[in-house]
Amino acid sequence: MGEKDLRQHYRTLYRQAVAQFRAGVVEIDPLIDAAEDRRYGITLLLRPDPPAREKISAFLDKARSIEPNQYFYPPGDLHVTVLSIISCYTGFRLEDIDPDAYRAVIAEALAACPPFEIRLQGVTASPAGILIQGFPEGPGLGNIRDRLREAFGASALQQSIDKRYVLRTAHLTVIRFRERFANEAAFLDLLEVSRETDFGVLRVTALDLVANDWYQRSARVKLLERFSLQATPG
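Under this note's numbering, the first residue of the sequence shown is numbered 230, with each subsequent residue one higher.
Set out below in structure tokens:
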């Protein structure tokens with residue numbers, strides 16, 4: 230998805246979500262505080278660097294001062310999903326798969342993939358949460374996703390790539406909703422003034438394969454492998 234189409238996609242998401250918010254429609258996550266939530270899966274992701282985390286945290290601090298009871302992603306949980314390999318579901322256990330087989334497929338797919346950049350600019354929304362907009366600079370991220378789709382499609386490994394939706398964006402989910410808004414007008418004002426906030430440019434030199442719960446909570450995330458992206462020789 231090119232930047233023009235991606236920008237339009239984020240804009241449409243935002244307008245539709247805000248219209249729902251103003252109509253009193255908020256998708257509350259019933260499992261976000263559920264101790265019995267056992268959904269688990271594996272994901273290839275990337276983490277924002279410290280400067281980006283700091284800028285995102287500053288935005289979240291403002292949001293928290295207005296809507297303190299919502300769920301705010303801790304800095305260490307922030308991520309961009311490169312590809313959900315096995316989408317989280319109840320009953321999945323890491324012992325049921327061979328992690329080495331997944332490592333091998335991913336390593337081969339990434340062998341010729343150089344580092345890439347993602348520009349983080351502005352916020353958007355869905356009925357269920359608030360997102361930081363990510364704009365890949367160049368085809369690097371898209372190429373990686375396509376190579377991974379092809380590699381896993383040719384394998385016999387358990388996977389659910391693109392089963393929920395085809396991932397084309399590069400966003401970070403930063404807020405999920407526990408309850409209806411206590412201060413709707415002030416919260417929507419913050420979103421509006423943050424629509425073009427510069428959160429930095431990430432130079433992505435490594436991707437992490439992790440086992441994770443639905444929310445990528447650090448306490449439940451297990452790093453399975455870190456893959457370095459190698460710059461193409463000049």
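We put the beta carbon where it would ideally sit given N, CA and C, even for glycine.
Original post:
Based on the DSSP secondary-structure assignment, which residues constitute the bridge partners of residue 267?
Top reply: Residue pairing by DSSP leaves residue 267 without any beta bridge partner.
Original post:
Grouping DSSP H, G and I as helix and E and B as strand, with all else coil, what is residue 241?
Top reply: Here DSSP, grouped into helix, strand and coil, assigns residue 241 to helix.
Subject >> residue 262 in three-state terms, based on DSSP >> reply: In the structure shown, residue 262 sits in coil (DSSP, three-state: anything other than H, G, I, E or B).
**OP:** Compare the beta carbon distance of residue 273 and residue 335 with 8 Å and say whether it is the shorter of the two.
**Re:** Result yes, Cβ atoms of residue 273 and residue 335 sit closer than 8 Å.
**OP:** Assign residue 444 to one of three DSSP states: helix, strand, or coil.
**Re:** Note: residue 444 maps to coil in three-state DSSP.
**OP:** Report the three-state DSSP secondary structure of residue 278 (helix, strand or coil).
**Re:** If DSSP states are grouped into helix, strand and coil, residue 278 belongs with coil.
Original post:
What are the start and end residues of each continuous alpha helix (DSSP H) run of 4 or more residues lying completely inside the region 383-461, in chain order?
Top reply: Segments of the alpha helix (DSSP H) lying fully in the region 383-461: 413-422.
Original post:
On the premise that residue 305 lies in contact with residue 457, defined as a C-beta separation below 8 Å, what is that separation, rounded to the nearest angstrom?
Top reply: Cβ-Cβ separation between residue 457 and residue 305: approximately 21 Å, too far for a contact (criterion under 8 Å).
Subject >> DSSP three-state assignment for residue 373, whether helix, strand or coil >> reply: Three-state result, residue 373: helix.
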